[in-house]
Amino acid sequence: MKRFQADVVIVGGGFMGAAAAFFLRRRGRSVILLEQGLIGQQASGVNFGNVRRQGRFLPQLPLANRSREIWGRLKELVGEDAEFLPTGHIRVCYDPNQIGVIESYAEKAKDYGLDLEILSAKAVRLRFPFIGPEAIAGSYSPHDGHANPRLAAPAFGRAARRAGAQLFENTEIVSIGKTGEDFEAVSSDGRKFFAPAALITAGAWGGLLSQQFEEPVPIAAHGPQMAVTEPLPYRITPVVGVATKIPEEVVYLRQVERGNVVFGGGIRGPAFPDIRRAYALPERLLAQVPQIRRLVPALANARIIRSWSGIESYLPDDIPIMGPSARVSGLYYAFGFCGHGFQLGPGVGDVMAELIDRGTTATPIAPFHIGRFATQTAIPALT
Amino acid sequence: MASPRIVIVGAGPAGVRAAETLLAAGLRPILVDEGRRDGGQIYRRQPDNFRRSYAALYGTEASSAENLHRAFDALRNAVDYRPETLAWAISDKRLHVVTGAWSDVLDFDALIIASGATDRLMPVRGWNMAGVYSLGGAQIALKSQACAIGRRVVFMGTGPLLYLVAAQYKKAGAGVAAVLDTSPFRLRLKALPRLMARPEVLAKGLALTWALKRSGIDIQTGIEPLEIEGQRENGVEGIRYRTRRGKTRVIPCDAVALGYHLRPETQLADLARCEFRFDSGTRQFFPVKDEDGRSSIPGIYLSGDGAIPLGADGAELAGRLAALAVLADLGHAVPESARSGLRRSLRAMERFRRGLAAAFPWPAHFAAALGGDTVVCRCENITTGELRAAVTEKGGVELNRAKAFSRVGMGRCQGRYCGHAAAEIIAAAAKIPVEEVGRLRAQAPVKPLPIATGDHGVGAA
Numbered sequence: 003m004k005r006f007q008a009d010v011v012i013v014g015g016g017f018m019g020a021a022a023a024f025f026l027r028r029r030g031r032s033v034i035l036l037e038q039g040l041i042g043q044q045a046s047g048v049n050f051g052n053v054r055r056q057g058r059f060l061p062q063l064p065l066a067n068r069s070r071e072i073w074g075r076l077k078e079l080v081g082e083d084a085e086f087l088p089t090g091h092i093r094v095c096y097d098p099n100q101i102g103v104i105e106s107y108a109e110k111a112k113d114y115g116l117d118l119e120i121l122s123a124k125a126v127r128l129r130f131p132f133i134g135p136e137a138i139a140g141s142y143s144p145h146d147g148h149a150n151p152r153l154a155a156p157a158f159g160r161a162a163r164r165a166g167a168q169l170f171e172n173t174e175i176v177s178i179g180k181t182g183e184d185f186e187a188v189s190s191d192g193r194k195f196f197a198p199a200a201l202i203t204a205g206a207w208g209g210l211l212s213q214q215f216e217e218p219v220p221i222a223a224h225g226p227q228m229a230v231t232e233p234l235p236y237r238i239t240p241v242v243g244v245a246t247k248i249p250e251e252v253v254y255l256r257q258v259e260r261g262n263v264v265f266g267g268g269i270r271g272p273a274f275p276d277i278r279r280a281y282a283l284p285e286r287l288l289a290q291v292p293q294i295r296r297l298v299p300a301l302a303n304a305r306i307i308r309s310w311s312g313i314e315s316y317l318p319d320d321i322p323i324m325g326p327s328a329r330v331s332g333l334y335y336a337f338g339f340c341g342h343g344f345q346l347g348p349g350v351g352d353v354m355a356e357l358i359d360r361g362t363t364a365t366p367i368a369p370f371h372i373g374r375f376a377t378q379t380a381i382p383a384l385t
Numbered sequence: 007m008a009s010p011r012i013v014i015v016g017a018g019p020a021g022v023r024a025a026e027t028l029l030a031a032g033l034r035p036i037l038v039d040e041g042r043r044d045g046g047q048i049y050r051r052q053p054d055n056f057r058r059s060y061a062a063l064y065g066t067e068a069s070s071a072e073n074l075h076r077a078f079d080a081l082r083n084a085v086d087y088r089p090e091t092l093a094w095a096i097s098d099k100r101l102h103v104v105t106g107a108w109s110d111v112l113d114f115d116a117l118i119i120a121s122g123a124t125d126r127l128m129p130v131r132g133w134n135m136a137g138v139y140s141l142g143g144a145q146i147a148l149k150s151q152a153c154a155i156g157r158r159v160v161f162m163g164t165g166p167l168l169y170l171v172a173a174q175y176k177k178a179g180a181g182v183a184a185v186l187d188t189s190p191f192r193l194r195l196k197a198l199p200r201l202m203a204r205p206e207v208l209a210k211g212l213a214l215t216w217a218l219k220r221s222g223i224d225i226q227t228g229i230e231p232l233e234i235e236g237q238r239e240n241g242v243e244g245i246r247y248r249t250r251r252g253k254t255r256v257i258p259c260d261a262v263a264l265g266y267h268l269r270p271e272t273q274l275a276d277l278a279r280c281e282f283r284f285d286s287g288t289r290q291f292f293p294v295k296d297e298d299g300r301s302s303i304p305g306i307y308l309s310g311d312g313a314i315p316l317g318a319d320g321a322e323l324a325g326r327l328a329a330l331a332v333l334a335d336l337g338h339a340v341p342e343s344a345r346s347g348l349r350r351s352l353r354a355m356e357r358f359r360r361g362l363a364a365a366f367p368w369p370a371h372f373a374a375a376l377g378g379d380t381v382v383c384r385c386e387n388i389t390t391g392e393l394r395a396a397v398t399e400k401g402g403v404e405l406n407r408a409k410a411f412s413r414v415g416m417g418r419c420q421g422r423y424c425g426h427a428a429a430e431i432i433a434a435a436a437k438i439p440v441e442e443v444g445r446l447r448a449q450a451p452v453k454p455l456p457i458a459t460g461d462h463g464v465g466a467a
């Protein structure tokens, strides 16, 4: 069997892996990118497409800001903009108790360089007349927006390939380990890939790989419930979401320039990483539509033409695993983005490339270190 | 044991015969149908206040149509019949239906899908203009509303429906400008042994073609469509094609009816996670079923043209057989003799279907020759060139991947009308067999679902 060698081997060709491959090439590192299916096919490709910073875990904002800066330069960097539109992002609340929550978040976000505008019910109505009467306040983030998830990660993949990265799609890695100086990743058909540095960006499958380095993580797979309407006149420019503590009320929607309204939210469905499928559930779609009508009443006149799901991965503390391994030198992780990784994609790629290339990064990512799960009971490594 | 819950989707020939068979065994199925009235597409009933005779409406099939309608009328009050109801999704033995904006969930022990078929279409430059219809659409306009799609209509494509609809238009007094068949005549002769599996149907077809010819209609075989000419504002003005001798001709017309046989409506079977297989004779995927209609998923039965298009009489038999399979699987005593006759007839019809597919082949080779500016996906207005770019520049060689990159098949029809042609365009651009391109995965809702949809009994604004 043929032997492949590079400076870095990346396992998992989602947004994080494709972006990391691209930025590593820009730093002159040779890269092998391994993907079991096709680039950006799972969580990276099926998510809502939110390029949103507000509402995030505050210590994640420096990373999100770095990513947002790259989103604005996508065309120049990878040759296409993946339909990124910095149209603004509005979160409204229905419950008076939530007003304090969004106000306090806006206050703290300032320290991280994210300026949010708190809007009264009247101001919400004036600025965004399509939002329903139940909204009593809103938090507006003027420089957030949305993009097309079906296009973004594949665009990074192609740009990485053009820049000289070796991409291997339909290549499932069955074992990975470190022997001597090199990591060795072996595919199901027996091909071997070697590199002195390895980056695991395998999303819901990341835990199977970290386990092989005796770093198990309590990762769970879920499927988002997404749908899209027929095209309508283009009126809803910002991304619109709900700030609430009630899971059923969580919906978000965005209108693309050609007119379709994409929406998602509510309670997530099951996902099946072993067969690489997650199914949109009709019951969950029916649970979403009253919330969609509540948020934007005029949408009651529209029709849904398609629904979908995909495989996302979640950790119990709702933040990802990102950074160096706690056990093996030269090993890095960036997976488990808990349904909010799309905005972060370019930034994660850039930061991981910097970390692998320079051994350090200017962007704080310590809260995401895999070591926080080290007290978990170790599961014997797979052979 | 509680009475088993059986749901039938579709009140066409297969669904009605399935319901009748179940009723006869003492069961009361739910019969869900999208139509306002029963009969499906082929035996579509005219609105109540229309008074055309069966002979005028259904021609040689008048007695079959009348028999089916009578059968339905007899069972209508004995089953739970739900007209104007869309079955839009399936999850774990639950069928989700919506009537207007009222939704309901039907738990079932057995589901018989008799969802029928639609026209199979190959794009041609200009087919997105006003005045271009599918053959089935042209036929429905006539049958249901007594309307012709134009004053001077060209019928183009291939297959028996091409001649049948042209003859029905002629008979109704509509102007038939020409019948342009893409299949060369010699293939019909070659397919004769298999077509002899149903000599009476073959005879009917020949008589129909002769009658068309005698009436002076220009019938051409072995043609290649080049363009439907016209203007954005005014629609169709003519059709340009290459004759079998290689000459370019233009026929002025104000409407075109297009079609290349039928394709089954398989989204429900797909959503139920039934397996599919590639049929090399027609270059499309059919859901896998056994001879009696059992799919690969227990409790899901497939019948009629929604599983494999054999025509209306085949659908009636398949509907009966699927119902008998349900009964047998539920533990009812079903005499073998009741099934063996149906199976035997269906085998002959399957042989005939293969004969038709060989005599009037799906013109896959046209896909490679389509100009880059020809629209392939009419819902999303995506051109052949844009689809090819998704293949050659972005590597989208699998149909769902090409859809993600190009938006082909992402619109209201979900690729039901462009999916087969898109697969051929991709196969030609990527130089791979069409079966490797795959098929579009079905996504709920099967047809557009109102956001106004509310729960049953609650309703919505």
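First to last, the sequence lines map onto chains C and L. Numbering-wise, the first sequence is residues 3 to 385 according to this note's numbering. Numbering-wise, the second sequence is residues 7 to 467 according to this note's numbering. Glycine included, every Cβ here is placed at the ideal spot set by N, Cα and C.
Roughly how many angstroms lie between the CA atoms of residue i and residue j, to the nearest whole one?
| i | j | result |
| --- | --- | --- |
| D276/C | T459/L | 34 angstroms |
| V256/L | P233/C | 36 angstroms |
| H462/L | E90/L | Annotation note: pLDDT 49 at H462/L (below 50); position unreliable, no value reported. |
| A331/L | G143/L | 33 angstroms |
| L287/C | A152/L | 39 angstroms |
| S143/C | G42/C | 27 angstroms |
| I12/C | G225/C | 24 angstroms |
| P304/L | I14/L | 15 angstroms |
| L384/C | E174/C | At L384/C, the pLDDT of 46 sits below 50, so the modelled position is not reliable and the matter cannot be decided from this model. |
| L65/C | A328/C | 21 angstroms |
| M135/L | A375/L | 20 angstroms |
| I104/C | A17/L | 54 angstroms |
| Y335/C | P156/C | 20 angstroms |
| A25/L | F375/C | 58 angstroms |
| F370/C | L210/C | 18 angstroms |
| T254/L | R194/L | 24 angstroms |
Going along chain L in order, which residues have a C-beta closer than 9 angstroms to the C-beta of residue i?
| i | result |
| --- | --- |
| I269/C | Under the 9 angstroms cutoff, chain L gives no residues; its nearest Cβ is about 14 angstroms from I269/C. |
| R256/C | Within 9 angstroms Cβ-Cβ: nothing; R256/C doesn't reach chain L, min ~15 angstroms. |
| L118/C | The premise fails here: L118/C is roughly 29 angstroms from chain L at the closest Cβ pair, so nothing lies under 9 angstroms. |
Can you check whether the CB of residue j is closer than 8 angstroms to the CB of residue i?
| i | j | result |
| --- | --- | --- |
| R384/L | R200/L | no |
| I306/C | L455/L | yes |
| R394/L | I431/L | yes |
| A111/C | A123/C | no |
| I372/C | F195/C | no |
| A161/C | V80/C | yes |
| A123/L | E271/L | yes |
| L26/C | D359/C | yes |
| G425/L | S412/L | no |
List the residues of chain L that residue i touches, going by C-beta distances under 7 angstroms, in chain order.
| i | result |
| --- | --- |
| W73/C | Ordered by position in chain L, no residue passes the 7 angstroms Cβ test against W73/C, which lies about 20 angstroms from the chain. |
Let me check understanding here. Comparing Cα to Cα, which of the options lies closest to residue i?
| i | options | result |
| --- | --- | --- |
| P61/C | Y114/C, G30/C, G351/C and A300/C | Y114/C |
| L186/L | K219/L, A154/L, K196/L and G179/L | K219/L |
| I238/C | P218/C, L87/C, G332/C and F339/C | L87/C |
Would you mind telling me which residues of chain C sit closer than 8 angstroms to residue i, beta carbon to beta carbon, in chain order?
| i | result |
| --- | --- |
| K400/L | P156 and R160 |
Cβ-heavy atom distance between residue i and the ligand ADP below 7 angstroms?
| i | result |
| --- | --- |
| A206/C | Judged by which ligands are present, the structure shown has none, so any question about the ligand ADP falls away. |
Could you list which residues in chain C have their beta carbon closer than 7 angstroms to that of residue i, in chain order?
| i | result |
| --- | --- |
| H102/L | P284 |
For residue i, which residues in chain L fall below 8 angstroms Cβ to Cβ?
| i | result |
| --- | --- |
| L288/C | H102, S109, T459 and D461 |
Give the interface partners of residue i over in chain C, defined as CB-CB distance under 9 angstroms, in chain order.
| i | result |
| --- | --- |
| A428/L | Within chain C, no residue comes near A428/L; the closest Cβ sits about 16 angstroms away, beyond 9 angstroms. |
| Q468/L | For chain L, the structure presents residues 7 to 467; residue 468/L sits outside this window and is missing. |
**Q.** Length at least 3, wholly inside the stretch 216-277 of chain L: the beta strand (DSSP E) runs in chain order
**A.** 230-237, 241-248, 254-258, 261-266 and 268-270
**Q.** Contained alpha helix (DSSP H) runs [length at least 4] in the stretch 119-176 of chain C, N- to C-terminal order
**A.** 123-129 and 151-164
(Q) Going residue by residue through the stretch 327-371 of chain L, where are the continuous alpha helix (DSSP H) segments of at least 4 residues, counting only ones entirely within it? (A) 342-365
**Q.** Inside the stretch 53-119 of chain C only - alpha helix (DSSP H) runs reaching at least 4 residues
**A.** 63-73, 76-80 and 98-112
Q | Within the stretch 174-210 of chain C, ranges of the beta strand (DSSP E) (whole runs, at least 3 residues) | A | 175-181, 184-189, 194-197 and 199-202
(Q) My parser needs the alpha helix (DSSP H) runs of 4 or more residues fully inside the stretch 239-316 of chain C; what are they? (A) 284-297
Q: Write down every uninterrupted run of the beta strand (DSSP E) in the stretch 358-441 of chain L whose length is 3 residues or greater and which is fully enclosed by it, in chain order.
A: 381-383
(Q) Going residue by residue through the stretch 49-124 of chain L, where are the continuous beta strand (DSSP E) segments of at least 3 residues, counting only ones entirely within it? (A) 86-88, 91-97, 100-105, 108-113 and 116-119
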